[in-house]
Amino acid sequence: MKLTVIGTGYVGLVSGTCFAEMGNNVICVDNDKTKISDLNNGKIPIWEPGLEEMVRRNSEEGRLSFTTDIKDAVENSDICFIAVGTPPDEDGSADLKYVKAVAQDIAKFMNGYKVIIDKSTVPIGTADKVKAAVQKVLDERGVDYKFDVVSNPEFLKEGDAINDSMRPDRVVVGTDSIKCAELMRELYTPFARSHEKLIIMSVRSAEMTKYTANAMLATKISFMNDIANLCELTGADINEVRHGIGSDSRIGYKFIYPGVGYGGSCFPKDVKALIKIAEKTGSKTRVLQAVEDVNNDQKHILVKKVKKHFGAELSRLTFAIWGLAFKPKTDDMREAPAITIINGLIKAGAIVQAYDPVAMDEANRIFGENSNIKYTHGNYDALKGADALLLITEWNQFRYPDFDKMKNLLKTPVIFDGRNQYTPKEVREKGFTYYGIGRQ
């Protein structure tokens, strides 16, 4: 098939590349000339395992191209994916200005029947707005081209997005058109050779499914963080509780790990947006408001523990930070707990020595020139002369460190484990003072 993917951010670039990998001809469009130039020269704007190699291979084999020319792309495609950002508006609702602008551009250059697919995470009813925007432009042009608007939300995990695209758990398609449903089935059949994964539903149900999926996962995280904090007050151990409930097949082990809160480009934005969607209908999502409140509080929990140990005044103290990205296997720091934690330490007068395998350039962009932050070449370098270690992101290389080496490098052997990576008894036996989440 001939596809155009408009927007070369995380969703657009990964989706477009994976469609090309399956043999489709894909044109990726963006209005950022620098980004398109970089992509044409093999430079990838995001860090995602396996993506750079896949982009290079499909570009060299002629199935994947990058351009700023949306007119040429639309005219030479049968299917147009909208994959632009929907950032939070001032009130927390999703801002659709980029989605609407792309819809108008597609309509401006349509030369026949097109399937227009919302790949971006959008509020319920967006497909209707896209349809209206396209029809308005076609009417102004005086042409009567037919088109369909489909909702096809993505369910990609940063750090494992290639696998999620190539081997999806499910493919949700929102359409009322039998023709579109069959076209989408044809497009996605190569991704589901072993069994049927396509779930056809109404457009509005598909739009709601995306928000609900992310809200459910965020709810599990905040719930476990709430219980973890209660465990500390009651003498229970959240790790033991987690094993106890995770063994129940109705609950399972995924997304029940306590920590310092969720971040990233999806959960915070989508929970806020769903709350606003409910408010606009005159309803309340009381559970989701609690999920957001708990998460915001949880991002401060580690600094509170630091101040309880060292005192409220942290001047002349230095803290090592392991992990800056909101999760492993990505350089994404959007809404990352590390931002709140580092700002909290610096506000109290502390110096920070930080290390992350891939996110330090992004951290430098976020924090800018700041004499209170130093970025180190390795995780052990961050420990030199530090008064304590704060583990924020659970990268694999932090899981089994050399504790004897750590003890020699730290000024005082104190660990604040924001992800419960270490066994308290073992760490304490090595001479460390240990603080976890929901543990005694």
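Quick note: the sequence shown uses the working numbering, first residue -8, plus one each step. The C-beta atom is built at its ideal place from N, Cα and C for all residues, glycine as well.
Beta-carbon contacts of residue i that lie in its chain and below 8 Å, excluding the five residues immediately before and after
i	result
Ser306	Ala339, Gly340, Ala341
Ala303	Ala339
Gln431	Glu223, Gly226, Asp228, Pro415
Asn361	Ile337
Tyr136	Met101, Asn102, Gly103, Tyr104, Lys105, Leu129
Gln280	Ile266
Ile236	Ile242, Ile247
Candidates the options: closest to residue i by CA position
i	options	result
Ala123	Arg132, Ala204, Gln95, Val134	Gln95
Cys19	Thr25, Gly3, Met13	Gly3
Ile70	Ser6, Arg132, Val(-4)	Val(-4)
Ala11	Arg54, Asp23, Lys34	Arg54
Ser193	Asp393, Phe246, Ile406, Gly116	Gly116
Ser156	Ile364, Val141, Glu39, Ile27	Glu39
Thr166	Glu52, Ile190, Met45, Thr25	Ile190
Gly335	Ile212, Arg356, Asn363, Asn355	Asn363
Pro404	Tyr425, Glu131, Pro392	Tyr425
Ile292	Leu221, Ser50, Met324, Gly237	Leu221
Ala269	Ser68, Met199, Val297	Met199
Asp284	Glu52, Asp80, Ile73, Phe214	Phe214
Tyr244	Ala264, Ile212, Arg195, Glu149	Ile212
Asp119	Lys148, Arg184, Glu149, Ser196	Ser196
Ala74	Tyr1, Asn355, Asn31	Tyr1
Inter-residue spacing [alpha-carbon to alpha-carbon] between residue i and residue j
i	j	result
Thr8	Asp322	19 Å
Pro249	Met101	49 Å
Asn411	Asn287	19 Å
Gly41	His300	42 Å
Val134	Glu66	15 Å
Val278	Ala206	10 Å
Asn62	Lys99	For clarity, residue 62 is Lys in the given sequence; the question names Asn instead. Going by the C-alpha atoms only, they are around 8 Å apart.
Thr77	Lys201	13 Å
Ile330	Ala350	12 Å
Glu231	Tyr413	14 Å
Phe389	Val90	40 Å
Ala219	Ser274	30 Å
Phe394	Lys421	7 Å
Val164	Met175	8 Å
Gly409	Val294	10 Å
His186	Asp160	10 Å
Cys257	Val113	11 Å
Asp151	Arg132	43 Å
Ala92	Thr180	31 Å
Gly33	Thr25	12 Å
Pro392	Glu173	52 Å
Asp239	Ile153	30 Å
Leu87	Met397	49 Å
Asn15	Met45	14 Å
Lys148	Ala204	12 Å
Glu52	Glu43	14 Å
Arg233	Lys296	22 Å
Cβ-Cβ separation, residue j to residue i (assumed contact under 8 Å), whole Å
i	j	result
Gly(-2)	Asp21	6 Å
Asn143	Lys110	6 Å
Leu380	Leu374	6 Å
Asp347	Gly314	6 Å
Glu145	Ser6	6 Å
Ile406	Val418	6 Å
Val282	Thr210	5 Å
Thr276	Pro319	30 Å between Cβ atoms; not a contact.
Phe182	Met13	7 Å
Lys271	Pro79	Not really, about 15 Å apart at Cβ, beyond 8 Å.
Same chain, Cβ closer than 7 Å to residue i, five either side skipped, listed in chain order
i	result
Val289	Per the sequence shown, the amino acid found at residue 289 is Gln instead of Val. Answer for Gln289: Asn216, Val251, Gly252, listed in chain order.
Ala377	Thr309, Phe310, Ala311, Gln344, Leu401, Lys402
Val125	Ala94, Ile97, Ala98, Ile107, Phe138
Ala327	Gly254, Leu315, Ala316, Phe317
Lys267	Asp82, Gly83, Ser84
Ala64	Thr(-5), Ile18, Val20, Thr58
Asn49	Thr8, Ala11, Glu12, Leu55
Gly369	Tyr346
Trp386	Gly314, Pro319, Pro348
Pro36	Lys26, Asp29
Ile357	Met324, Ile330
Own chain residues within Cβ distance below 6 Å of residue i, not counting five before or after
i	result
Val121	Ala94, Val140
Leu208	Phe246
Val162	Tyr179, Lys188, Leu189
(Q) To test your reading of the DSSP string, which unbroken alpha helix (DSSP H) runs of 4 or more residues are found completely within the region -8 to 21? (A) Listed in chain order, they are 1 to 12.
Q: Tell me the start and end of each unbroken alpha helix (DSSP H) in the region 255 to 330 that is at least 4 residues and wholly inside, in chain order.
A: Fully enclosed alpha helix (DSSP H) runs of 4 or longer: 258 to 271, 277 to 289, 292 to 301.
Q) Mind pulling the beta strand (DSSP E) runs of 3 or more residues that sit fully within the region 23 to 84? A) 55 to 58, 70 to 73
(Q) Could you tell me which whole beta strand (DSSP E) segments of length 3 or greater appear in the region 326 to 378? (A) The region 326 to 378 contains these whole beta strand (DSSP E) runs: 342 to 346, 364 to 366.
Q) Which parts of the region 154 to 189 are runs of the beta strand (DSSP E), unbroken and 3 residues or longer, counting only runs that do not cross its ends? A) If only complete runs of 3 or more residues are kept, the region 154 to 189 shows the beta strand (DSSP E) at 162 to 165, in order along the chain.
Q: Could I get the ranges of all uninterrupted alpha helix (DSSP H) runs contained in the region 223 to 260, with 4 residues as the minimum, in chain order?
A: Counting only unbroken stretches of 4 or more residues, the alpha helix (DSSP H) elements lying wholly within the region 223 to 260 are 229 to 237, in sequence order.
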